[in-house]
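Q:
Residue numbers (the numbering used here), protein chains in the order written: chain A, 988 to 1502; chain B, 9 to 257.
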């Protein structure tokens, strides 16, 4: 029993925190999404708690965790109240039974993962993530090393596990994986597959889930004590919720963005930023997607605030204690000065929708809506070229190592990245990648932006190495669920759209209506 | 949609869509095929390796192992035994750690286990003068380690986390050798390393240690092989010890 409490305490408490925090938006989010995002959202209370203990120089204990939870919940309630729109019709009521079922699924699956005792580690896990968590629990303070090497989220979660008596936190990583798989399935079903027939819905969702759960890298990261599964989860949640908030269906109906989903997207972006030090770079992918979606029409203050306010609240709240407690800490990786600049840029990005809207009227070409992502992709490409020129030796080695790992079989992915490249190239031919107003176009551009960000970050400073443990080799996993989602969305389009040149009886086949 | 209409529908698709479906279906089928291959071959390889190990152990004329096991060592070394108590190693007690040990990182892992203990003991005024390390890496992992995620390089990067009792027994039964626990690096060597490698304090000070300015800290110096930080790293096991100041022993 104590082992179960130790392994599942943080996950269960986080789910409850997430429920309370998102309570005002529960009806708008819908039952499934509300329960699926509760734990990831609730996890954000732990780094806020760590921030508080660092500032107040107090232990990282239950009171600290409680303060983190209260700060997150209060902040979320205020943000949701300020950004809620009366015209956002509740999609459905959330039944009390669903809470029991959701918690039951979490605890049951968590108990199975705990009993299986599968865990995978490397040096980072045993020498860094876990010890930093125990040190945070013991000393109650973030350190320069913690911030710069492992970021704030995972050590805080590990410190939380120590509160519950855990010797080694491992089951939660499998829970992240389960959460991610279910979310991918649900977001496909409620998005691109919504108008498909029942058979198509079942078939495509099953195929996507099968692909993920049989992919060795996904299985590995499901038990790997590291930052990858949680980063993949937050990235998928951020993008999935953004696309749900401003969906092609909603666009065609002339509906305003669904702010409840934007709030979750902003929170997930914050999780992405806090899960790894380089998360502060990759968070600009969902930010770019958000700006593109928010500028499809005239920018609405409430919608922009719904995304940016929770993101900035959580990220700033988590870092605030570090600045107050440690002052201007120094580090070769992420010192206070660099962190300040990035955090300032993050704050500045909140003005992005209005800036792009203004630029759109001044420039000879469009820079709002989906075009913003296109412009962003080309800007990223230009930055990559510049980085390659400036740091050719590092970039060359990074490219070489990446190609050996991803295409030479050394990275443990087998054939996978050939298939991914084929998928992306063919999707350009089928116009899924380029056709505006579809589910797939922004997803393709988000994948491209992430890949470019990955290439820039690693070309600039990480030449990498051959082998499974290479940083780029691991980080590229973060978009795997997104690629699976993209493939599912393309398949949904293929099997759902009316065939213009099909045989007569097929062309006449009615398309199921949106329910 | 029936099978017939699905087939007809697929036939009616434009060729790029057909190509896309081929890519997707191929990826999925290869993935499923791979799963079957792994499911069949990995347990077989594990059983085969286990049988080979058993055969090697049972082979007549095999050279007798002269090194002591950790358990035997503990019986003979009263000082060490006092320090550890009579417990299995590294079963958790107080603030000790039980860590999963892999072939590749066992030295570093052992370092973290020892580091934690040494730090605590230093704080209590106990001086650590020697360290015992496993004589054979493989013995640490043992035949029971799963090979599900074994890489092409042969590193076990994951294994089933053995129960505390199993892990402790495995470590306790491992044959060991003794090395002096003295600062591996002199002050001059430390300075030299810091200058040449450009270490920051964050990377040089062992992460479990107390604040760098405190006495009683034990520090761990990382030695980075290769031209830059991204290359593979190895850690010197027990680099330096700072005696606790003002603590009577």
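All C-beta atoms in this analysis are idealised placements derived from N, C-alpha and C, irrespective of residue type, glycine included.
So, does the CB of residue 1049 of chain A fall closer than 8 Å to a CB anywhere in chain B?
A: Output row for residue 1049 of chain A: interface = no.
Q: Beta carbons nearer than 8 Å to chain B: which residues of the segment 1187–1203 of chain A have them?
A: 1187, 1194, 1197, 1198, 1201, 1202, 1203
Q: Relative to the C-alpha of residue 1196 of chain A, which residue among A:1471, A:1130, A:1480 is closest?
A: Considering only alpha carbons, the answer is A:1471.
Q: When you compare only the Cα positions, how much space is there between residue 1315 of chain A and residue 1383 of chain A?
A: 34 Å
Q: Determine whether the beta carbon atoms of residue 31 of chain B and residue 1410 of chain A lie at a separation below 8 Å.
A: yes
Q: Using only the alpha-carbon positions, how far apart do residue 1298 of chain A and residue 1255 of chain A sit?
A: 8 Å
Q: Is the beta carbon of residue 1321 of chain A closer than 8 Å to that of residue 1235 of chain A?
A: no
Q: How about residue 48 of chain B: is its C-beta nearer than 8 Å to some C-beta of chain A?
A: no
Q: Is there a C-beta anywhere in chain A that falls below 8 Å from the one on residue 24 of chain B?
A: yes
Q: What residues from the segment 1451–1477 of chain A come within 8 Å of chain B, judged by C-beta to C-beta, listed N to C?
A: Contacts with chain B (Cβ-Cβ distance below 8 Å) from the segment 1451–1477 of chain A involve 1451, 1452, 1454, 1455, 1456, 1458, 1474, 1477, listed in chain order.
Q: For residue 1079 of chain A, count the other beta carbons within 10 Å of its own beta carbon; 16 or more makes it buried, fewer makes it exposed. Which is it?
A: exposed
Q: Are the Cβ atoms of residue 1451 of chain A and residue 1385 of chain A separated by less than 8 Å?
A: A contact, by the Cβ cut-off of 8 Å.
Q: What does residue 1211 of chain A pair with, by DSSP beta-bridge criteria?
A: A:1107
Q: Would you call the segment 1266–1274 of chain A in contact with the segment 1083–1098 of chain A, where contact means no fewer than 3 C-beta pairs closer than 8 Å?
A: no
Q: Taking 8 Å as the threshold (beta carbon to beta carbon), is residue 145 of chain B in contact with chain A?
A: Bear in mind that the predicted position of residue 145 of chain B carries a pLDDT of just 44, short of 50, making it too unreliable to give a figure here.
Q: Is residue 1351 of chain A buried or exposed, if buried means 16 or more other CB atoms sit within 10 Å of its CB?
A: exposed
Q: Looking at residue 1244 of chain A: is its Cβ nearer than 8 Å to the Cβ of residue 1232 of chain A?
A: Residue 1232 of chain A sits close to residue 1244 of chain A, with the two beta carbons spaced by under 8 Å.
Q: Count the other C-beta atoms from every protein chain shown that fall within 10 angstroms of the C-beta of residue 1328 of chain A, then say buried if there are 16 or more, exposed otherwise.
A: exposed
Q: How would you write the range of the alpha helix (DSSP H) that residue 1284 of chain A sits in, first residue to last?
A: From DSSP, residue 1284 of chain A is part of no alpha helix (DSSP H); its letter is neither H nor E.
Q: Can you look up residue 77 of chain B in the DSSP assignment and give me helix, strand or coil?
A: Here residue 77 of chain B sits in strand by DSSP.
Q: Does the segment 1052–1070 of chain A come within contact of the segment 1197–1211 of chain A, defined as at least 3 CB pairs closer than 8 Å?
A: no
Q: For residue 17 of chain B, write down the residues that DSSP places opposite it in a beta bridge.
A: In DSSP, residue 17 of chain B forms no bridge with anything.
Q: Please report the distance separating the alpha-carbon of residue 1379 of chain A from that of residue 1021 of chain A.
A: 47 Å
Q: Using beta-carbon positions only, say whether residue 1008 of chain A and residue 1029 of chain A come within less than 8 Å of one another.
A: Cβ distance < 8 Å, so residue 1008 of chain A and residue 1029 of chain A count as in contact.
Q: Decide if residue 1106 of chain A is buried, meaning its Cβ has at least 16 other Cβ atoms within 10 Å, or exposed.
A: buried
Q: By DSSP, does residue 1358 of chain A sit in helix, in strand, or in coil?
A: Judged by DSSP in its simplified three-state form, residue 1358 of chain A adopts helix.
Q: Here's a check: name, in chain order, each residue in its chain whose Cβ is nearer than 6 Å to the Cβ of residue 1341 of chain A, leaving out the five neighbours to either side.
A: 1286
Q: Three-state secondary structure (DSSP) at residue 1013 of chain A?
A: Note: residue 1013 of chain A maps to helix in three-state DSSP.
Q: Looking at the strands, I want to know which residues DSSP matches up with residue 183 of chain B.
A: B:77
Q: Taking 6 Å as the limit between beta carbons, can you name the residues of its chain near residue 1283 of chain A, skipping five residues before and five after?
A: Same-chain partners within the cutoff: 1356.
Q: So, is the C-beta of residue 1401 of chain A closer than 8 Å to a C-beta in chain B?
A: yes
Q: Is residue 1312 of chain A near the ligand MN, judged by its Cβ being under 7 Å from some heavy atom?
A: Because no ligand of any kind appears in the structure shown, any question about the ligand MN cannot be addressed here.
Q: Taking the straight line between their C-alpha atoms, what separation do you get for residue 1134 of chain A and residue 1119 of chain A?
A: 10 Å
Q: For residue 1301 of chain A and residue 1260 of chain A, what's the separation of their Cα atoms in angstroms?
A: 10 Å
Q: Terminal residues of the continuous alpha helix (DSSP H) containing residue 1033 of chain A?
A: 1032–1043
Q: Taking the alpha-carbon positions, what's the residue 1483 of chain A to residue 21 of chain B distance?
A: 12 Å
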